[in-house]
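Colleague:
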């Protein structure tokens, strides 16, 4: 009796702490203003099942409403239909409306000439926005966790994303919100187990050929051993701080860009002397923005920004950049658009 | 004949490219102004042996002089004396003066009540500065590579160093310079092998209980597999960009600190309304600086900065911080020093 009472207390405290943490995330980032109608994206995995249960618990006392669930069937995995059935059954049990949709992602990818992953992402988000409109929901809640945050940070890091920011996943982007972004996957599973709630496992999550899976199953465990502790918290914090830093530097650079750059028939002119006086984080971002405008959607890398900086400083007479060329003419850094 | 000629050409191009890269690092960061007399820190490992050979090659045509070498014997490893002999022999062969010194690091650590690693670092740098004075050298060159840069970035990341910067290793700090910071260890070893130059291996580098070794031998190889390529370049670039961003934000925050903070008998007063108007990267850095002054050398974490921010925003009446307390009094954020 005593033992089970003890466990009960501990469990109660654990659940209370988890709910409080999610509520803090929601409040700090103003994810659910009063009266918000939320659609929850439900894959059937532990993260999105926990998200559904937690938001259902928080809704009555926190001024928002669960408008319903949305499940997107990618028709990619062998378990796709089992997952759909699981989500339908959960919706019935929770007495929540559910929208189920899906496309053949492989077909979609071929038609749009994009990769499978990007195709799945686009099709999924398009479906979620349609479902939100159907259920008259203002915002879409997605079950990204602190673990996803750490994984995304490391993925961006190794892909050389230093220039466009290591910031990782935003708690909010448009009408998409991520209330679990400060919660850990292990805690969410513990919560589900305590509540007697099952979930479906995604078998493709174990394929180490997928970079994210390798980071999840190999890199992070080794980092935890190096630190002698769970590192997702430290990494997610660093991601949050990097995001804040670069978000503000981006805003500042946007203002400086407006002051320094002039559109021209040939592309863009930038006042080279004034650019030189800016601090280097602003210089790089102003040039990145300019090169992106001239490049017309082409990928701009750090090496292009650095060569444009070299031209601005008079170290080289000119440099080819994606979709154009950079030259220094009478104190102006000229970004020429190639036809 | 043809084959060996081909290899010779390739080798020549490889060496030329490596030397050019190091020269570019030296020039970009102005590591060796004209007439600089350099002391090279030589452990006998591949990095410092390559550094010695490369700087000796670059000196005549790049306006600096190799004043000599310095080897510090930590008396910690079983191979310590073998390493010292190796360095002495190399100095003789290269006809360069060498200063050899050492202390019993374990004894020093006990006397100063610090860890072995920190004791080794302090004793080594003190020795290098004395040696530089002896050889009338202005700067001390250290063989840190891009790999060290990537390892340091990951170490800082998992230790939660987001607040004080993920920037990693600086190309220059005071009179210490790092000309190899953009070169890879593998390239340096290839260079030494091509030149028929041996080096000593540090057996302690394989002990996985050491966090840096685990990052080197386990984390980075897994990251390379996830990326399908060597990731040290991407990580080192991100470290460089993060360093530039945070260096400038630090300078900006220092200026804002001078405008917003006033020393007081009880500690420090900060204008809360003016602080509120600053962007969050500046707010955090201003508070970090203030809390550090009041904390008098105690470790300040993100959680302390966040609770001080909470007090400033009126979310809580006050908060205890290391070595003091933060309160809001008549529009002033008061940082009280505890006696």
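Chains as they are written, first to last, in our numbering: chain A, 1 to 339; chain B, 1001 to 1339. The beta-carbon is built from N, C-alpha and C at its ideal position, and this holds for glycine as well. Model, not experiment: these values are computed from the prediction.
List, in chain order, every chain B residue whose beta-carbon is nearer than 8 Å to that of residue 250 (chain A).
Modeller: By 1-based counting over the first chain, the position of residue 250 (chain A) is 250. Near residue 250 (chain A) there are no residues of chain B at all, since even the closest Cβ is about 11 Å away, more than 8 Å.
Colleague: For residue 1327 (chain B), which residues does DSSP report across the bridge?
Modeller: Within the second chain, numbered from 1, the residue matching residue 1327 (chain B) stands at position 327. Bridge partners of residue 1327 (chain B): B:1318, B:1334.
Colleague: Check for me: the beta strand (DSSP E) holding residue 71 (chain A) runs from which residue to which?
Modeller: As a first step, residue 71 (chain A) is located in the first chain; it is residue number 71 there, counting from the start. Note, residue 71 (chain A): beta strand (DSSP E), 65–73.
Colleague: When the Cα atoms are used, what is the spatial distance from residue 284 (chain A) to residue 1244 (chain B)?
Modeller: Position 284 of the first chain holds residue 284 (chain A). Position 244 of the second chain holds residue 1244 (chain B). Going from the Cα of residue 284 (chain A) to the Cα of residue 1244 (chain B) covers about 10 Å.
Colleague: Check whether the Cβ atoms of residue 211 (chain A) and residue 1150 (chain B) sit closer than 9 Å, and answer yes or no.
Modeller: In the first chain, counting from the first residue as 1, residue 211 (chain A) sits at position 211. In the second chain, counting from the first residue as 1, residue 1150 (chain B) sits at position 150. No, Cβ-Cβ distance for residue 211 (chain A) and residue 1150 (chain B) is not below 9 Å.
Colleague: Considering only residues of the same chain and omitting the five flanking positions on each side of residue 336 (chain A), which have a CB-CB separation below 6 Å?
Modeller: If you number the first chain from 1, residue 336 (chain A) lands on position 336. The residues are 266, 267, 324, 325.
Colleague: With a threshold of 9 Å between beta-carbons, can residue 152 (chain A) be considered close to chain B, or not?
Modeller: Your numbering for residue 152 (chain A) matches position 152 in the first chain. Cβ-Cβ to chain B under 9 Å: no for residue 152 (chain A).
Colleague: For residue 281 (chain A), which residues in chain B fall below 7 Å Cβ to Cβ?
Modeller: Numbered from its first residue, the first chain carries residue 281 (chain A) at position 281. Those are 1244, 1245, 1248, listed as they occur along chain B.
Colleague: Only counting the same chain, and skipping five residues up and downstream in sequence, which positions put a Cβ closer than 6 Å to that of residue 292 (chain A)?
Modeller: Residue numbering aside, residue 292 (chain A) sits at position 292 when the first chain is read from its first letter. Excluding residues within five positions, the ones whose Cβ falls inside 6 Å are 300.
Colleague: Given a cut-off of 9 Å on the beta-carbon distance, is the pair residue 1111 (chain B) and residue 1072 (chain B) in contact?
Modeller: Taking the second chain and counting its residues from 1, the one referred to as residue 1111 (chain B) is at position 111. Taking the second chain and counting its residues from 1, the one referred to as residue 1072 (chain B) is at position 72. No, these two residues do not count as a Cβ contact at 9 Å.
Colleague: The alpha helix (DSSP H) with residue 1229 (chain B) in it runs from where to where?
Modeller: Walking along the second chain from the start, residue 1229 (chain B) turns up at place 229. It is not in any alpha helix (DSSP H) - residue 1229 (chain B) carries neither H nor E in the DSSP assignment.
Colleague: Among A:203, A:294, A:195, A:12, which one has its Cα closest to the Cα of residue 79 (chain A)?
Modeller: Here residue 79 (chain A) refers to the residue found at position 79 of the first chain. When only C-alpha atoms are compared, the closest one is A:203.
Colleague: Tell me the rounded alpha-carbon separation between residue 1096 (chain B) and residue 1026 (chain B).
Modeller: If you number the second chain from 1, residue 1096 (chain B) lands on position 96. If you number the second chain from 1, residue 1026 (chain B) lands on position 26. Here the C-alpha atom of residue 1096 (chain B) lies approximately 21 Å from the C-alpha atom of residue 1026 (chain B).
Colleague: Do you know offhand how far residue 198 (chain A)'s Cα is from residue 1281 (chain B)'s?
Modeller: Counting from 1 along the first chain, the entry for residue 198 (chain A) is found at position 198. Counting from 1 along the second chain, the entry for residue 1281 (chain B) is found at position 281. Each residue's alpha carbon lies about 42 Å from the other.
Colleague: Output needed for residue 1056 (chain B): all residues of its chain with C-beta closer than 6 Å, excluding positions within five of it in sequence on either side, in chain order.
Modeller: Reading the second chain from its first residue, position 56 is the one you call residue 1056 (chain B). Only 1066 meet the Cβ criterion.
Colleague: Between residue 1223 (chain B) and chain A, is any beta-carbon pair separated by less than 9 Å?
Modeller: Against the second chain, residue 1223 (chain B) aligns to sequence position 223. Cβ-Cβ to chain A under 9 Å: yes for residue 1223 (chain B).
Colleague: What residues from the segment 1129–1161 of chain B come within 8 Å of chain A, judged by C-beta to C-beta, listed N to C?
Modeller: 1154, 1155, 1157, 1158, 1159, 1160, 1161
Colleague: Just the Cα atoms here: how many angstroms apart are residue 1213 (chain B) and residue 1168 (chain B)?
Modeller: In the second chain, the residue the question calls residue 1213 (chain B) occupies position 213. In the second chain, the residue the question calls residue 1168 (chain B) occupies position 168. Their backbone Cα atoms lie some 17 Å apart in a straight line.
Colleague: Residue 82 (chain A) to residue 70 (chain A), Cα distance in whole Å?
Modeller: Numbered from its first residue, the first chain carries residue 82 (chain A) at position 82. Numbered from its first residue, the first chain carries residue 70 (chain A) at position 70. Answer to the nearest angstrom: the Cα atoms are 16 Å apart.
Colleague: With DSSP as the reference, identify every bridge partner of residue 1049 (chain B), one or two as the case may be.
Modeller: Numbered from its first residue, the second chain carries residue 1049 (chain B) at position 49. In the DSSP output, where bridge partners are listed per residue, residue 1049 (chain B) has none listed.
Colleague: Using a Cβ-Cβ cut-off of 9 Å, state whether residue 171 (chain A) counts as contacting chain B.
Modeller: One-based indexing of the first chain puts residue 171 (chain A) at position 171. For residue 171 (chain A), the answer is no, since every Cβ of chain B falls outside 9 Å of its Cβ.
Colleague: Would residue 228 (chain A) pass as an interface residue toward chain B - the criterion being a Cβ-Cβ separation below 9 Å?
Modeller: As a first step, residue 228 (chain A) must be located in the first chain, where it is residue number 228. Chain B, which has a Cβ nearer than 9 Å to the Cβ of residue 228 (chain A), makes this yes.
Colleague: Apart from the five residues just before and just after residue 19 (chain A), which ones in its own chain have a Cβ nearer than 7 Å to its Cβ?
Modeller: The residue given as residue 19 (chain A) occupies position 19 in the first chain. Excluding residues within five positions, the ones whose Cβ falls inside 7 Å are 54, 57, 58.
Colleague: Any Cβ of chain B within less than 9 Å of the Cβ of residue 4 (chain A)?
Modeller: Here residue 4 (chain A) refers to the residue found at position 4 when the first chain is read from its first residue. A caution first: residue 4 (chain A) carries a pLDDT of 46, below 50, which makes its placement in the model unreliable, though a value can still be read off. Chain B, which has no Cβ nearer than 9 Å to the Cβ of residue 4 (chain A), makes this no.
Colleague: How about residue 313 (chain A) and residue 276 (chain A): do their beta carbons lie closer than 9 Å?
Modeller: Position 313 of the first chain, counted from the start, is the residue given in the question as residue 313 (chain A). Position 276 of the first chain, counted from the start, is the residue given in the question as residue 276 (chain A). Cβ distance < 9 Å, so residue 313 (chain A) and residue 276 (chain A) count as in contact.
Colleague: So, under 8 Å CB-CB, residue 135 (chain A) and residue 68 (chain A) are touching, yes? Tell me the CB distance rounded to an integer number of Å.
Modeller: As a working mapping, residue 135 (chain A) is identified with position 135 in the first chain. As a working mapping, residue 68 (chain A) is identified with position 68 in the first chain. Between residue 68 (chain A) and residue 135 (chain A) the Cβ distance is about 5 Å, and since that is below 8 Å, they are a contact.
Colleague: Got a sec: is the Cβ-Cβ distance from residue 1205 (chain B) to anything in chain A below 9 Å?
Modeller: Taking the second chain and counting its residues from 1, one reaches residue 1205 (chain B) at position 205. Closer than 9 Å: no.
Colleague: Residue 51 (chain A) and residue 180 (chain A): beta carbons closer than 9 Å?
Modeller: In the first chain, counting from the first residue as 1, residue 51 (chain A) sits at position 51. In the first chain, counting from the first residue as 1, residue 180 (chain A) sits at position 180. Taking 9 Å as the cut-off, the Cβ atoms of residue 51 (chain A) and residue 180 (chain A) count as close.
Colleague: Going along the segment 207–222 of chain A in order, which residues come within less than 7 Å of chain B, judged by CB to CB distance?
Modeller: Cβ proximity to chain B below 7 Å picks out 211, 214, 215, 218, 219, 222 from the segment 207–222 of chain A.
Colleague: With distances taken between CB atoms, is the gap from residue 1295 (chain B) to residue 1322 (chain B) smaller than 9 Å?
Modeller: If you number the second chain from 1, residue 1295 (chain B) lands on position 295. If you number the second chain from 1, residue 1322 (chain B) lands on position 322. For the pair residue 1295 (chain B) and residue 1322 (chain B), the CB atoms are nearer than the 9 Å cut-off.
Colleague: Cβ of residue 1284 (chain B) less than 9 Å from any chain A Cβ?
Modeller: The residue you call residue 1284 (chain B) lines up with position 284 of the second chain. It does: the Cβ of residue 1284 (chain B) has a partner Cβ on chain A nearer than 9 Å.
Colleague: Which residues, taken in chain order from the segment 13–28 of chain A, show a beta carbon closer than 9 Å to some beta carbon of chain B?
Modeller: none
Colleague: Which residues, taken in chain order from the segment 1087–1119 of chain B, show a beta carbon closer than 8 Å to some beta carbon of chain A?
Modeller: none
Colleague: Taking one C-beta from the segment 29–40 of chain A and one from the segment 137–145 of chain A each time, how about it: are there three or more such pairs within less than 8 Å?
Modeller: yes
Colleague: Quick one: measure Cβ to Cβ for residue 1317 (chain B) and residue 1273 (chain B), integer angstroms, because I've assumed they're closer than 8 Å.
Modeller: One-based indexing of the second chain puts residue 1317 (chain B) at position 317. One-based indexing of the second chain puts residue 1273 (chain B) at position 273. Not confirmed; about 18 Å, so no contact.
Colleague: DSSP has residue 1269 (chain B) in a bridge; who is on the other side?
Modeller: For the purposes of this step, residue 1269 (chain B) is identified with residue 269 of the second chain, where counting begins at 1. BP columns for residue 1269 (chain B) point to B:1262, B:1334.
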